[in-house]
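Using mature numbering (1 follows the signal peptide of the UniProt record, and there is no 0), the letters of the sequence shown correspond one by one to residues -24 to -1, 1 to 240.
In this text, a Cβ means the ideal position worked out from N, Cα and C, and glycines have one as well.
Just so it is clear, the structure is predicted and the values come from calculations on it, not from any experiment.
The structure under discussion appears below in the form of structure tokens.
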Amino acid sequence: MSRPAITRRRAVLAGLVAAITAAAVERRSMTGTTASRPLPEDGVVGRLPFDGSWLTEISPTRQVPSHGTDLFGTTYAIDFIAVDEAGRTAPGYSLRTILATEPPELFHAFGRPLYSPVAGTVAAVHDGEPDHEARRSPLTLIPYGLSQSKRIRRGAAGVAGNYAVIRTAGSSLYVALAHLRRGSLLVSPGDRVGPGDRIGSCGNSGNSTQPHLHIQAMDGLDLDVARGVPLRFEQFRQHAPGRRAAPAHRRLACPDQGSVISAA
């Protein structure tokens, strides 16, 4: 089975969508969640792969495919960004935020520990990709989006950056954690892991405009041909950022896009 043809037009369009999505992260964190759509019942169930509060930047509860493409098994992929009590992904804004790039260390997600959501065996890892400068300004996001085709042509490393892929115990399904910090991976292929075992740290490698975790479940190891499957979490608390209402306790669910979640 070969990978679907990737035209320059298709890649650039995907890049622009990613750039526009990234530009809206801070706005979404203030306006709350989007309407939730039901997902198919199959797929993977696991624990949250992080501690603390994280914004659900992109979720398949809003649309499928969640990232606007089925490429690289991303059909039901979820993006999470760590936030503070005010729902901010970074302490504040500066002139550099408006006009230029920013160091990834400025963001709450950068360097945060990430854990295996499932029991299984590490099937693949990739390290060595640099952590990019972060981009919140449209002046930097649009050119970045237009260069998307270059990253896609590099394949998994160009898109996912540093990553780990885990084969879930007792099944032929896999979970991938992407955009990890360079040099932070603590596992190797063949290692057995359980839910909550440390995998690495959140970074800004690959196709990433600010430090975040991209996590997805799929039916194969080869990202070039794998098909995405739904990923749900056993239990978590969910609320709209900036709202004072009590968080909802959710079970066996996928977080709503725009919501802030934490361990139950």
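A direct Cα-Cα distance of roughly 30 Å separates residue 141 from residue 216. Residue 118 and residue 111 have their C-alpha atoms some 10 Å from each other. For residue 48, the secondary structure class from DSSP, reduced to helix, strand or coil, is helix. Under the DSSP definition of a beta bridge, residue 100 partners with 141. Per DSSP, the continuous beta strand (DSSP E) segment holding residue 211 begins and ends at 207 to 215. Distance from the CA atom of residue 49 to the CA atom of residue 240, rounded to whole angstroms, is 28 Å.
The beta carbon of residue 134 sits closer than 6 Å to those of 127, all from its chain and outside the five residues before and after it, given in chain order.
In the displayed model, residue 94 falls within coil according to three-state DSSP, outside both helix and strand.
Of the candidates 202, 225, 81, 203, 225 places its Cα closest to the Cα of residue 210. Between residue 137 and residue 105, the gap from beta carbon to beta carbon is short of 7 Å. Residue state for residue 227 is assigned as strand, using DSSP reduced to three classes.
When the beta-carbon positions are compared, residue 25 and residue 93 come within less than 7 Å of each other.
Below 8 Å, enough C-beta pairs join the region 79 to 91 and the region 152 to 172 to call them touching: three or more.
Per the Cβ contact rule, the region 25 to 42 is in contact with the region 54 to 63 (3 or more Cβ pairs under 8 Å). Under the three-state reduction of DSSP, residue 14 is assigned to coil, being neither helix nor strand. Looking at 80, 124, 113, the one whose alpha-carbon comes closest to that of residue 178 is 80.
Nearest neighbour of residue 207 by Cα position, chosen from 16, 13, 20, 15, turns out to be 20. The C-alpha of residue 172 lies about 5 Å from the C-alpha of residue 91.
The Cβ atoms of residue 205 and residue 195 lie closer than 7 Å to each other.
Membership of residue 174 in the beta strand (DSSP E) is indicated by the continuous run 174 to 177. Between residue 184 and residue 155, the gap from beta carbon to beta carbon is short of 7 Å.
Per DSSP, reduced to three states, the secondary structure at residue 120 is helical.
One thing to note: residue 149 has its Cβ no nearer than 7 Å to the Cβ of residue 191.
At the C-beta level, residue 32 and residue 41 stay beyond 7 Å of one another.
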